[in-house]
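Q: First the structure, then my questions, so here it is.
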Amino acid sequence: MLPEERALIDGLFDRMRGVEGQPRDAEAEALIARRLGDAPHAVYTLAQTVLVQEHALQQAAARIQELEEQAKAAAAAPAPQSAGSFLGNLLGGGRSTSVPPAGARPAGAPMGLPRGYNQQAAGYGQQPSGPWGGQNNAQQGYG
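Residue numbering for the sequence shown follows my numbering, starting at 9 and increasing by one per position.
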């Protein structure tokens, strides 16, 4: 046994001695005494359990205090500058610059193609144009 463990056990029993005069439930006390007869070493395990749980509670209390201090510090700190909104400047908020957002497509570019994608370089050849491509239907034989 380590000296620290001895001090913990002594402290536990000193605290229990301090509550000896308090009233007890007679039925519970009789049951505990009877069960100790069945398991005479249970006091060892009970003392060990109490000490382990006390240590865990002390650690939890220290962590709670640390988190509360962090929360107070965060609340006292100035709010960070907004990094923009979810939809950017589509709803009139955010940037007021005329530069298009990073993923903007040039006018007339097909939907779904990445910026800088070259259809003809990809081996698809000349694509037929339609009313959305800037040519009229008569040139395609639709008219």
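Beta carbons are placed, not taken as given, at the ideal position from N, Cα and C, and that holds for glycine.
Note that this is a predicted model, so its numbers are computed, not measured.
Under 8 Å by Cβ, that's how I've got residue 20 and residue 55 pegged, so tell me the actual separation to the nearest angstrom.
A: Contact holds; Cβ gap of about 6 Å.
Q: For a quick check, are the C-beta atoms of residue 50 and residue 42 less than 9 Å apart?
A: Against a cut-off of 9 Å, the Cβ pair of residue 42 and residue 50 comes out as no contact.
Q: What is the rounded straight-line gap between the Cα of residue 25 and the Cα of residue 66?
A: Roughly 22 Å between the two C-alpha positions.
Q: In or out: residue 98 buried (at least 16 other Cβ within 10 Å) or exposed?
A: Residue 98 comes out exposed.
Q: Would you mind working out which of 52, 59, 45, 96 sits nearest residue 23, comparing C-alpha positions?
A: Looking at the Cα atoms, 59 is the closest of the given residues.
Q: DSSP on residue 51, reduced to helix/strand/coil?
A: DSSP places residue 51 in helix when its eight states are reduced to three.
Q: Can you tell me the Cα-Cα spacing of residue 14 and residue 94, whole angstroms?
A: Using only the alpha carbons, I get a separation of about 60 Å.
Q: Taking the alpha carbon of residue 12 as the reference point, which residue from 68, 63, 81, 33 has its own alpha carbon closest?
A: Of the listed residues, the one whose Cα sits closest to residue 12 is 63.
Q: Per DSSP, what kind of secondary structure is residue 99 in: helix, strand or coil?
A: Coil at residue 99, not helix or strand.
Q: Using the rule of at least 16 other Cβ atoms within 10 Å of the residue's Cβ for burial, across every protein chain shown, is residue 39 buried or exposed?
A: Exposed.
Q: Alpha helix (DSSP H) containing residue 11: first to last residue?
A: Note, residue 11: alpha helix (DSSP H), 11–25.
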